[in-house]
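Heads up: take any position in the sequence shown, counting from 1, add 35, and you land on my numbering. Remarks on the structure that follows.
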Amino acid sequence: MTLLHDYQAGTSYGRRKMPQRDPHWRRAVEPYKSYAASGARVAALARPERLPASDLWQAIRGRRSRREFAPDPLGQETLFLLLWAAQGISEQGPWPLRTAPSAGALYPVETYICAARVSGLAPGVYHWELPDERLALAAARPDAAEAACAACLGQEMVARAPVTFIWSAVWGRSAQKYGDRALRYAYLDAGHLAENLHLAATGLGLGACMVGAFLDDEMNALVGVDGQDEAVIYAACVGRPAP
Ligand SMILES: Cc1cc2nc3c(=O)[nH]c(=O)nc-3n(C[C@H](O)[C@H](O)[C@H](O)COP(=O)(O)O)c2cc1C
């Protein structure tokens, strides 16, 4: 048995084995994280007036991992669309629902971007603030792309991409309900929103590549999370494909 087998077995549902609420996770966790509330500079991205009319089927067929990017910057409206596709609010209400599904609508995943070349945006690490749909500066650093590249085991595409999305999981949000099974759901949630991003990028004529290979401590440090209650789980770089 490996850790993987232990985890799968330990978090399995069975007719005679449903999980009890684990007291460790009883602590309430905020549904949203806000850097703006702590005084971080906010960048309200230019929003497009309407969503683009892309063909979903062409995007599904055309999606491919792209690792070479042109040097030109990404426009703000384009960045807004990408963020919105991954984690936008698509239905308002007392508990706003998002573009990608989430187990129990608990939304444990947070989105950060490492912006290297976005028109009108200083290079740095930004947090996608929900439910406001705006960016807050988490760390102003001109070397953000290089730091992300190093954390992603030197994968050059990360240094060359105008923007890299970095997703973390706030485990407690989901674990308050699901206990240790929350780990499964957070990764599944991340897969859903990452695919939304990939298809949206394809629909906009951009290229993207998912990144699962990274040094956990360095990625956590880059976005400023502790790696325990909140940890980076996935990333993706996006840009205009090099000709
Ligand atoms: C969970 C996951 C992690 C991945 N991590 C990386 C990565 O770190 N670096 C990379 O170059 N590609 C990465 N990829 C992209 C895969 O290599 C790619 O999806 C695969 O080769 C199939 O090609 P396609 O996406 O063009 O269909 C990852 C994909 C997934 C789904």
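For every residue, glycine included, the Cβ atom is placed at its ideal position computed from N, Cα and C. Model, not experiment: these values are computed from the prediction.
Query	Result
For A179, report the span of its alpha helix (DSSP H) as first-last.	A179 to A186
Do P143 and A204 have their C-beta atoms closer together than 7 Å?	yes
Would you give the residue range spanned by the alpha helix (DSSP H) that G97 belongs to?	L91 to G97
Flag M245 as yes when its Cβ comes closer than 6 Å to any non-hydrogen atom of ligand 1, and as no otherwise.	yes
So, for H128: in the same chain, excluding its five sequence neighbours on each side, which residues have a beta-carbon less than 8 Å away from its beta-carbon?	The question names His, but residue 128 in the sequence shown is Gly. Counting only Cβ-Cβ distances below 8 Å, and skipping sequence neighbours, we find nothing.
On the three-state DSSP scale, how would you describe S154?	coil
For the alpha helix (DSSP H) containing Y115, name the first residue and the last one.	Reading off the sequence, residue 115 comes out as Phe, not Tyr. Per DSSP, F115 belongs to the alpha helix (DSSP H) from Q111 to Q122.
Could you tell me the alpha carbon to alpha carbon distance between S100 and F200, rounded to whole angstroms?	15 Å
For G238, name the three-state secondary structure that DSSP assigns.	helix
Rounded to a whole number of angstroms, what is the C-alpha to C-alpha distance between L114 and R133?	17 Å
Enumerated in chain order, which unbroken segments of the beta strand (DSSP E) with a length of 3 residues or greater are wholly contained in the stretch 203–260?	242–246
With DSSP collapsed to three states, give me the class of L39.	helix
Taking the beta carbon of S73 as the centre, do at least 16 other beta carbons fall within 10 Å, making it buried, or is it exposed?	exposed
What is the rounded straight-line gap between the Cα of L141 and the Cα of E65?	10 Å
For G274, count the other beta carbons within 10 Å of its own beta carbon; 16 or more makes it buried, fewer makes it exposed. Which is it?	buried
Beta-carbon within less than 7 Å of L80's beta-carbon, same chain only, minus the 5 sequence neighbours each way: which residues are those?	Q111, L114, F115, R169 and L170
On the criterion of 16 or more Cβ atoms from any shown chain inside 10 Å, does P177 qualify as buried, or is it exposed?	exposed
Report the three-state DSSP secondary structure of S73 (helix, strand or coil).	helix
With respect to 6 Å, is the separation between the Cβ of A173 and the closest non-hydrogen atom of ligand 1 below this value?	no
For H40, count neighbouring Cβ atoms within 10 angstroms of its own Cβ and tell me buried if that reaches 16, exposed if not.	exposed
Taking Cβ positions, are A157 and A175 nearer each other than 7 Å?	yes
Should D167 be flagged as near chain D, meaning a C-beta pair shorter than 7 Å?	The question asks about chain D, but that chain is absent: this structure has only one protein chain.
Note the first and the last residue of the continuous beta strand (DSSP E) segment covering E164.	G159 to E164
Where does the unbroken alpha helix (DSSP H) through E191 begin, and where does it stop?	E191 to R195
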